[in-house]
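To keep things clear, I will list the structure first and then write my remarks on it.
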Amino acid sequence: MIRKLVAFDTTSRNSNLQIIDFIRDYLAGHGVESQMVFDESGKKANLYATLGPTDRPGIALSGHTDVVPIDGQEWSSDPWSITERDGKLYGRGTCDMKSFLAIALAMVPEFLAQPLQQPIHLIFSYDEEVGCVGVRRLIALLKDFRIKPSAVIIGEPTDMKVIVAHKGKKSLRARVRGFEAHSSLAPKGVNAIEYAAEMITFLKRMAQRCAKNGPFDNDYDVAHTTVHTGVIHGGTALNIVPKDCYFDFEFRYIAGVDPEAMFGELREFVDRELLPAMHAVAPDSGISFEEISAFPGLNMPEEADLVVLAKKLAGANMVRKVAFGTEAGLFQQAGLPTIICGPGSITQAHKPDEWVSLDQLALCEGFMHRLLDRVREKAAA
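Going by the working numbering, the sequence shown opens with residue 4, and the numbers climb by one from there.
See the structure below:
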């Protein structure tokens, strides 16, 4: 099943309908009906299905079907075909996160063969890699579904460790509109790059403040909220005062930190310090912002029923927190208890020669079989 799923090029810029149609047909072959939730174009879709009883809520196994691009990466084997060597499976998506989807699908006959008291739901989404975009449409409709989950397990690569929290993210693009002039007359222009640099410096000071003063959560590898500028473009020639510049920045924040308040600090700085100086030279100059993406953090209490269950399924005594983002916060925000636990390591994700170990797949299979025992035990009781 992993070989079949990896063979689909589901890079986020592409349609995912081929893999979704394959999964739909596979489930239909086992007598399971799927519900599809499409994007506006009709070229991408989420899939929702229920195994077992259809008159009560159950546990959802969830993951995204899209993968990141292979552009510019040097692979030693075909990224769209599984290569097995040294106890590892190489291919795009083996780690993030088609192996989890494949194991869930391969378990379908076993789940259906049991008299389940509690159903297992499947939720497969699109465009997670570009801002957790697709699953939002499905979550918005869940309240209207006849059957919806009582809890969600997302199989992102965590080395099969139980993850109860991750940081939230808000990313934005700042656009600076200046006023062109010959560089020998620089004071008569409004230098868009320099004003962008003022904002980037302000964001850097904000990042330094977070690192120094917190708040802190030492369960994370980076224990505080981070502020980061990752892209900048501007200018046309050295002897022209640049008219346009834009840059992209992000906040990755721990629980209790308000990203809107942080963004508000930047807006206040712009209004107080930058715009008056810009308008004094060129009234039409200005600064605008647009959101690129945003998703909430996850923060599940360790004593929650789902967390206790997940620890038993994973054979774990501890839980962990991760800095990378997932769809989990969106599910929790919608009132669904959610944890993250899946095969593979995030350190292998998004890289050339992405891989997952057979040992991790075995651990995930064990997790699934214990989940099956759990819902089957309820039936026996």
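Just so you know, even glycine gets a beta-carbon here, dropped at the ideal spot from N, CA and C.
Problem - Ala240 classed as buried or exposed, judged by whether at least 16 other C-beta atoms fall within 10 angstroms - result: exposed
Problem - Rounded separation between Thr204 and Pro262 - CA only - result: 18 Å
Handout entry: Option nearest Asp42 by Cα separation, candidates Leu108, Arg27 and Val138
Key = Val138
Practice task
For Thr204, name the three-state secondary structure that DSSP assigns.
Solution key: helix
Handout entry: Secondary structure of Tyr29, DSSP reduced to three states
Key = helix
Exercise for the section: Would you be able to state if there are at least three C-beta pairs under 8 Å between the segment 9-29 and the segment 91-106? Expected result: yes
Problem - Nearest-angstrom Cβ-Cβ length linking Gly158 and Cys344, presumed shorter than 8 Å - result: 7 Å
Handout entry: Length of the line joining the Cα atoms of Ile23 and Val244
Key = 51 Å
Handout entry: Buried or exposed by the 16-neighbour rule on C-beta atoms within 10 Å, applied to Ala143
Key = exposed
Problem - Assigned exposure category for Ala384 - 16 Cβ within 10 Å defines buried - result: With a pLDDT of 39 at Ala384, under the threshold of 50, the modelled position of this residue cannot be trusted; read the value that follows with caution. The residue in question, Ala384, is exposed, as its Cβ has fewer than 16 Cβ neighbours within 10 Å.
Practice task
Express the C-alpha separation of Ala154 and Phe298 in angstroms, rounding to a whole number.
Solution key: 19 Å
Practice task
Would you grab the beta carbon distance between Gln386 and Met303 for me? Rounded to a whole angstrom, and I think it's under 8 Å.
Solution key: What the structure shows of the chain is the stretch from 4 to 384, and residue 386 is not part of that stretch, so it cannot be assessed.
Handout entry: Among Val359, Arg59, Met281 and Phe148, the one whose alpha carbon lies nearest that of Arg180
Key = Met281
Problem - Endpoints, beta strand (DSSP E) assigned at Phe127 - result: Ile123 to Ser128
Handout entry: Pairwise C-alpha distance: Val35 and Ala109
Key = 14 Å
Handout entry: Glu87 burial status per 10 Å Cβ neighbour count (16 or more: buried)
Key = exposed
Exercise for the section: Return the chain-ordered list of same chain residues with a C-beta closer than 6 Å to the C-beta of Ala184, the five sequence neighbours on each side being excluded. Expected result: Lys191, Gly192 and Val244
Practice task
Pair every Cβ in the segment 45-52 with every Cβ in the segment 112-127, then say whether three or more of these pairs are closer than 8 Å.
Solution key: yes
Exercise for the section: State whether the segment 272-280 contacts the segment 307-321, with contact taken as three or more CB pairs (one from each stretch) at a distance under 8 Å. Expected result: no
Problem - Whole runs of the beta strand (DSSP E) within the segment 101-164, excluding any shorter than 3 residues - result: 123-128 and 154-157
Practice task
Using beta-carbon positions only, say whether Tyr249 and His231 come within less than 9 Å of one another.
Solution key: no
Practice task
For Ala385, collect the residues of the same chain with a Cβ closer than 6 Å to its Cβ; drop the 5 residues on either side in sequence, then sort them by chain order.
Solution key: There is no way to answer for residue 385, as the model of the chain reaches only from 4 to 384.
Practice task
Measure the C-alpha to C-alpha separation of Ser174 and Lys46 and round it to an integer number of angstroms.
Solution key: 26 Å
Exercise for the section: Keeping to the same chain, check which residues put their C-beta closer than 7 Å to that of Ala382; ignore five residues upstream and five downstream. Expected result: Confidence is the limiting factor: at Ala382 the pLDDT is only 46, short of 50, which leaves the residue's position unreliable and the question unanswerable from this model.
Handout entry: Straight-line gap, Val359 to Glu77 (C-alpha atoms, nearest Å)
Key = 18 Å
Handout entry: Reference Asp376; option with closest CA among Pro72, Ala168, Leu312 and Leu339
Key = Leu312
Exercise for the section: Give the DSSP-derived three-state secondary structure of Ile5 in the structure shown. Expected result: helix
Handout entry: Inter-residue spacing [alpha-carbon to alpha-carbon] between Ala292 and Val71
Key = The sequence as given places Phe at residue 292; Ala does not occur at that position. One C-alpha to the other measures close to 26 Å.
Exercise for the section: Keeping to the same chain, check which residues put their C-beta closer than 6 Å to that of Met4; ignore five residues upstream and five downstream. Expected result: Ala105, Leu108 and Ala109
Exercise for the section: Assign His67 to one of two classes, buried (16 or more other C-beta atoms within 10 Å of its C-beta) or exposed (fewer than that). Expected result: buried
Exercise for the section: Could you check what DSSP says for Thr239 in three-state terms: helix, strand or coil? Expected result: coil
Handout entry: N-terminal and C-terminal residue of the alpha helix (DSSP H) that Val311 is part of
Key = Asp308 to Ala317
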